[in-house]
């Protein structure tokens, strides 16, 4: 950096236009290289940030999937319990079960006939 500073002072002090143009060309080339390096760094940061975001999304999706599976399993257990209780009630009181089935059938028929 100090070398660049010394050479830029020499270029400013010099009245020779070729030295100034050459020095300007060198500075532009150095600036171009620096910008390319900055671009590569930003690209690497963006990629690592993208990978982090994707990993976070994957973790979140896995957690949501696991929670969904747990809820499905709980619903299956509840359904099995309700079906078991309904079966038990129908076996204990078959006349009541037949009456309920007839009533539900009548209501379904009534709703379907009013389309």
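Numbering (the UniProt record's numbering), first residue to last: 1 to 115. Glycine is no exception: its CB is placed at the ideal position from the N, C-alpha and C atoms. It should be emphasised that the depicted structure is a prediction, and the values quoted were computed from it without experimental measurement.
For the pair residue 24 and residue 50, the Cα-to-Cα distance works out to about 38 Å.
In this structure, the beta-carbon distance from residue 86 to residue 96 does not fall below 9 Å.
Considered as a whole, the segment 47-95 harbours no complete run of any beta strand (DSSP E) with no fewer than 3 residues.
Taking the CA atoms as reference points, residue 80 sits about 20 Å from residue 100. Counting only runs of at least 3 residues, the segment 15-45 fully encloses no beta strand (DSSP E) element at all. The C-alpha of residue 106 lies about 12 Å from the C-alpha of residue 98.
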